[in-house]
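Novice:
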Amino acid sequence: MADQVVETGDVRHAGRAAGEIEFLGRTRELKELRADIERAGLDTLAGRKAPRARVLLIAGRPGSGRTALAEELVRQVADRYPDGVLRARLTEPGGTPVPVGRAARDLLTALDDPAPAGACEDDLTDALRTALADRRALLLLDDAADAGQVDALLPDTPDCLVVAVSEGPLTGISDVRPCTLGGLDAKSGVELLTRHTGSVRITVDPRAAESLAEECQGQAAALMLAGGWLAARPKAAVSDLAKQLRAEDTEGTALTRVFRLAYAALPAGAARMLRLLALAPAGLVDPQTASALAGCSVDSAHTTLDDFVALGFLHAVDAPLPQYEVPGCLHPQLRILAEHHERPAELQLARARMLERTVRLLQACRAITETDSPQARQKLLDMPSALRFPTPRAAADWLRLTRPALLASVRLAVADGELDTLARRLMTQLVRAMAAHIGTQAAAADLYDIHSFVLGVAERRNLPRERAAALLNLGDLDARAGRTADALTRYRAALDAGREVNDPYATCRAMESVGGAHLELGDHDRAADWFGRALVERLARGERAEAARLYGRIAAAHTFAGRYGEALRNWRAAVAGHRKNGDVAAQACALSELARVQEYAGRPEESVRTCREAVEWARRAEDPRLQAALHLRVADTLEHLGDPASAGLHRGAAERILGDSNLQNDPDACEIRTASAED
Numbered sequence: 047m048a049d050q051v052v053e054t055g056d057v058r059h060a061g062r063a064a065g066e067i068e069f070l071g072r073t074r075e076l077k078e079l080r081a082d083i084e085r086a087g088l089d090t091l092a093g094r095k096a097p098r099a100r101v102l103l104i105a106g107r108p109g110s111g112r113t114a115l116a117e118e119l120v121r122q123v124a125d126r127y128p129d130g131v132l133r134a135r136l137t138e139p140g141g142t143p144v145p146v147g148r149a150a151r152d153l154l155t156a157l158d159d160p161a162p163a164g165a166c167e168d169d170l171t172d173a174l175r176t177a178l179a180d181r182r183a184l185l186l187l188d189d190a191a192d193a194g195q196v197d198a199l200l201p202d203t204p205d206c207l208v209v210a211v212s213e214g215p216l217t218g219i220s221d222v223r224p225c226t227l228g229g230l231d232a233k234s235g236v237e238l239l240t241r242h243t244g245s246v247r248i249t250v251d252p253r254a255a256e257s258l259a260e261e262c263q264g265q266a267a268a269l270m271l272a273g274g275w276l277a278a279r280p281k282a283a284v285s286d287l288a289k290q291l292r293a294e295d296t297e298g299t300a301l302t303r304v305f306r307l308a309y310a311a312l313p314a315g316a317a318r319m320l321r322l323l324a325l326a327p328a329g330l331v332d333p334q335t336a337s338a339l340a341g342c343s344v345d346s347a348h349t350t351l352d353d354f355v356a357l358g359f360l361h362a363v364d365a366p367l368p369q370y371e372v373p374g375c376l377h378p379q380l381r382i383l384a385e386h387h388e389r390p391a392e393l394q395l396a397r398a399r400m401l402e403r404t405v406r407l408l409q410a411c412r413a414i415t416e417t418d419s420p421q422a423r424q425k426l427l428d429m430p431s432a433l434r435f436p437t438p439r440a441a442a443d444w445l446r447l448t449r450p451a452l453l454a455s456v457r458l459a460v461a462d463g464e465l466d467t468l469a470r471r472l473m474t475q476l477v478r479a480m481a482a483h484i485g486t487q488a489a490a491a492d493l494y495d496i497h498s499f500v501l502g503v504a505e506r507r508n509l510p511r512e513r514a515a516a517l518l519n520l521g522d523l524d525a526r527a528g529r530t531a532d533a534l535t536r537y538r539a540a541l542d543a544g545r546e547v548n549d550p551y552a553t554c555r556a557m558e559s560v561g562g563a564h565l566e567l568g569d570h571d572r573a574a575d576w577f578g579r580a581l582v583e584r585l586a587r588g589e590r591a592e593a594a595r596l597y598g599r600i601a602a603a604h605t606f607a608g609r610y611g612e613a614l615r616n617w618r619a620a621v622a623g624h625r626k627n628g629d630v631a632a633q634a635c636a637l638s639e640l641a642r643v644q645e646y647a648g649r650p651e652e653s654v655r656t657c658r659e660a661v662e663w664a665r666r667a668e669d670p671r672l673q674a675a676l677h678l679r680v681a682d683t684l685e686h687l688g689d690p691a692s693a694g695l696h697r698g699a700a701e702r703i704l705g706d707s708n709l710q711n712d713p714d715a716c717e718i719r720t721a722s723a724e725d
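With my numbering as the guide, the letters of the sequence shown map in order to residues 47 to 725.
1. In angstroms with no decimal places, state the Cα-to-Cα distance between residue 511 and residue 341.
2. Taking just the CA atoms, how far does residue 539 sit from residue 606?
3. Expressed to the nearest angstrom, what Euclidean distance is found between the alpha-carbon atoms of residue 419 and residue 412?
4. In angstroms, rounded to a whole number, what distance separates the CA positions of residue 192 and residue 217?
5. Do three or more CB pairs link the stretch 103-113 to the stretch 265-275 at distances below 8 Å?
6. Give the straight-line distance between the Cα atoms of residue 374 and residue 246, rounded to the nearest whole angstrom.
7. Helix, strand or coil, according to DSSP, for residue 136 in the structure here?
8. Quick one: which unbroken alpha helix (DSSP H) runs of 4-plus residues sit fully inside the stretch 441-506? Chain order, please.
9. Quick one: Cα of residue 271 to Cα of residue 233, how far?
10. Which class does residue 704 belong to by DSSP, given the choice of helix, strand or coil?
11. May I ask you to report which of helix, strand or coil DSSP gives residue 299?
12. Output the boundary residues of the beta strand (DSSP E) element that contains residue 105.
13. If you run the structure through DSSP and keep just helix, strand and coil, what is residue 207?
14. Grab me the residues of residue 182's own chain with a C-beta within less than 7 Å of its C-beta, minus the 5 sequence neighbours each way, in chain order.
15. My assumption, with CB atoms under 8 Å, is that residue 323 sits in contact with residue 336. Please give the rounded CB distance.
16. Whose C-beta lies closer than 6 Å to the C-beta of residue 475 among residues of the same chain, with five residues either side of it excluded?
17. Could you name each continuous beta strand (DSSP E) segment of 3 residues or more that falls completely within the stretch 559-592, going from the start of the chain to the end?
18. Could you tell me how far apart the beta carbons of residue 316 and residue 284 are, in whole angstroms, since I believe they sit closer than 8 Å?
19. Near residue 553, what residues of its chain come up, given a Cβ to Cβ distance below 7 Å and the 5 sequence neighbours on each side ignored?
20. Kindly list the residues whose CB is nearer than 6 Å to the CB of residue 471, restricted to its own chain and excluding five residues on each side of it in sequence; keep chain order.
21. Could you tell me which residues DSSP pairs with residue 190 in its beta bridges?
22. Just curious, the beta strand (DSSP E) that residue 224 is in, first and last residue?
23. Whole angstroms is fine: what's the gap from residue 609's alpha carbon to residue 603's?
24. For residue 652, which beta-bridge partners are listed by DSSP?
25. Which of the three DSSP states is assigned to residue 127 in this structure?
26. Is residue 46 helix, strand or coil when you go by DSSP?
27. What does the Cβ neighbour count give for residue 166, buried or exposed, with the cut at 16 atoms within 10 Å?
28. Comparing alpha-carbon positions, which option in 105, 350, 636, 649 lies nearest residue 611?
29. By the three-class DSSP mapping on this structure, what secondary structure does residue 260 have?
30. Where does residue 173 land, buried or exposed, given buried means 16+ other C-beta within 10 angstroms?
31. Judging by CA-CA distance, which residue of 487, 466, 349, 235 is the nearest neighbour of residue 507?
32. With residue 23 and residue 135 assumed to form a contact (beta carbons below 8 Å), what rounded beta-carbon distance in angstroms separates them?
33. Take residue 451 and list the residues in its own chain whose beta-carbon comes closer than 7 Å to its own, dropping the five residues that flank it on each side.
34. Going by DSSP, what residue range makes up the alpha helix (DSSP H) through residue 285?
35. Is it buried or exposed, residue 273, if we count other Cβ atoms within 10 angstroms and call 16 or more buried?
36. Which residue from 473, 435, 578, 390 puts its Cα closest to that of residue 414?
See the structure below:
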């Protein structure tokens with residue numbers, strides 16, 4: 047899962063695992079890496095300007111401390127890059143490479159330069175390079191799976207620096223500066239053990255400490271596990287652990303041997319929770335997730351997770367809420383243990399419990415924003431206290447912090463294939479929570495991905511109603527991003543799906559959306575035709591408010607086509623419909639549009655009369671913005687008719703309304719809301 051943060055000024059490790067930042071030794075490697083930044087590149091030596099950012103590669107096995115070295119390098123040189131530090135993890139905990147498009151989008155979001163929802167990978171990487179073209183930034187690309195991932199994200203400017211972390215070489219990237227890691231030196235290894243065990247046992251038997259560091263082959267992760275094992279056993283000598291490791295089966299790396307020993311010492315309940323953490327989405331876990339996976343209380347899970355941090359099994363994330371990260375080097379071991387000790391049905395049940403808990407948390411996250419409703423308040427009170435949020439702000443913070451894990455949960459649920467009902471509920475609640483706390487526009491990119499997953503489930507399980515809903519939502523997002531032709535294709539497919547199950551809502555909604563797409567494409571005749579089809583359906587079901595709105599959309603299509611007679615007839619029908627429905631504000635808007643078309647049609651006197659009528663209805667609707675705009679329109683028309691005195695009176699009225707309503711500094715104060723633009 048991509049995990050980014052932009053840092054300026056005081057560079058902190060926000061969003062990173064706090065335990066992973068522990069840094070010792072590597073003085074020589076750091077010196078060489080810093081020198082590589084200053085060293086002239088091949089292009090410079092050849093007399094050419096470097097076309098792209100320089101790449102420093104830190105290569106080493108998982109658990110070698112490669113990320114800690116990268117973080118320390120970033121800390122030391124970050125002040126040279128005033129536009130901040132960007133971070134992206136390019137491999138999922140399970141070993142799956144993160145799609146380049148997802149990483150690029152998250153980096154753009156971190157730059158506060160989000161790309162349109164649904165943009166393709168090439169557009170996203172192009173947008174990232176454009177965003178970085180005039181910046182001096184540092185990119186830390188952690189756990190890169192191959193050179194292709196790194197190459198696609200490279201800035202096209204030598205003013206940026208890329209620090210890539212990988213297990214092996216990045217063949218294919220020119221002028222890359224590799225730094226291959228072995229184990230920590232003996233002194234640093236012993237010091238790392240001392241941080242966990244205290245100095246007494248190390249001082250008493252320094253040779254045993256050196257022997258233990260050697261058994262761990264200087265691997266940072268193995269040393270942390272060994273230190274955690276000793277810290278949990280104050281009476282054990284360092285030599286005891288060294289002997290046990292030597293007696294262990296020599297199969298596997300030093301890390302796997304230390305891990306087996308540390309895992310075997312856990313109580314049965316803790317051992318089960320640890321291996322089930324292999325199911326944690328994106329390798330991120332909190333007390334709620336652990337509680338659901340293991341079937342224990344939240345408080346008990348929280349205590350056990352803290353114990354795992356002390357033992358070296360987890361990293362505590364530096365965040366406002368309790369959150370932990372499963373180290374990537376341990377994830378394969380946990381997965382093997384889970385598959386060996388748990389039956390497939392038990393793993394499926396644990397995954398289902400975790401997703402069900404997430405669904406309920408999302409329900410509570412949204413419900414806290416709806417406390418004006420008695421039903422919503424009661425529903426919130428009926429939830430267990432462990433699932434409730436104290437304030438909307440707390441719910442929003444939880445949603446923001448857990449976003450990577452929530453999106454990973456959706457991907458896992460959809461990929462599973464056997465949890466489709468639960469996956470659909472999860473996606474529905476996530477969409478609603480994001481809309482409530484973030485807004486559909488700000489969350490458009492995430493919503494696009496979620497609706498795409500919904501579409502996949504609907505097609506897999508042959509669910510036409512869900513398919514229609516997903517297609518409509520994706521079409522709306524395509525339309526907002528300017529991909530009108532793609533949106534039209536989505537809307538037509540949604541119409542077919544709605545008709546297949548005789549879903550009146552989806553059918554009418556799709557018809558109107560098809561009309562809206564044609565209107566955007568300039569095909570006014572087809573737009574009016576599709577709006578008319580939707581109108582027939584609305585009238586047949588007695589949906590008067592929707593019918594009145596559709597009269598306005600038909601009128602707008604005729605107006606764009608220059609058919610003012612048809613436009614006037616439909617605007618009058620819209621006015622009559624809103625009047626019958628008692629919608630005063632909508633009636634005022636429709637009258638204002640009727641006046642506009644009358645002026646286009648060369649009937650200025652009628653336009654003035656209609657505008658004055660609209661002003662009165664806007665006053666009744668208590669809409670000062672619309673009142674002022676209508677007064678200004680009347681003033682313009684009167685000036686065209688040669689009556690500047692009356693025009694001045696209406697301009698004065700508009701200024702008084704704007705002044706009384708504190709709208710004079712609002713750039714949209716004189717914008718008239720049009721019924722034709724309503725959706």
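Backbone N, C-alpha and C fix where the C-beta goes; we use that ideal spot for every residue, glycine too. All values reported here derive from a predicted model rather than from experimental measurement.
Specialist: From the atom records:
1. Cα-Cα distance, rounded: 35 Å.
2. 27 Å
3. 12 Å
4. So the alpha carbons of these two residues sit roughly 8 Å apart.
5. Note that the stretch 103-113 touches the stretch 265-275; at least 3 beta-carbon pairs, one per stretch, sit closer than 8 Å.
6. 32 Å
7. The three-state secondary structure of residue 136, taken from DSSP, is coil.
8. Segments of the alpha helix (DSSP H) lying fully in the stretch 441-506: 449-462, 466-483, 490-506.
9. 18 Å
10. In this structure, DSSP gives residue 704 a helical state, which the three-state scheme calls helix.
11. coil
12. 100-105
13. strand
14. 127, 128, 129, 205, 206
15. Yes, they are in contact, since the Cβ atoms of residue 323 and residue 336 sit about 7 Å apart, within 8 Å.
16. 405, 408, 409
17. none
18. Going by Cβ atoms, the distance from residue 316 to residue 284 rounds to 24 Å, so no, they are not a contact pair.
19. Taken in chain order, the residues that qualify are 541, 544, 545, 583.
20. 405
21. 212
22. 223-226
23. Rounded to the nearest whole angstrom, the C-alpha separation of residue 609 and residue 603 is 9 Å.
24. In the DSSP output, where bridge partners are listed per residue, residue 652 has none listed.
25. coil
26. No answer is possible for residue 46: it lies beyond the span of the chain, which begins at 47 and ends at 725.
27. Residue 166 is exposed by the Cβ-count criterion.
28. 649
29. helix
30. buried
31. Taking each of 487, 466, 349, 235 in turn and checking the Cα distance to residue 507, the smallest one comes out for 466.
32. For residue 23 there is no data in the structure shown, the boundaries of the chain being 47 and 725.
33. Contacts found: 327, 328, 330.
34. 284-293
35. buried
36. 435
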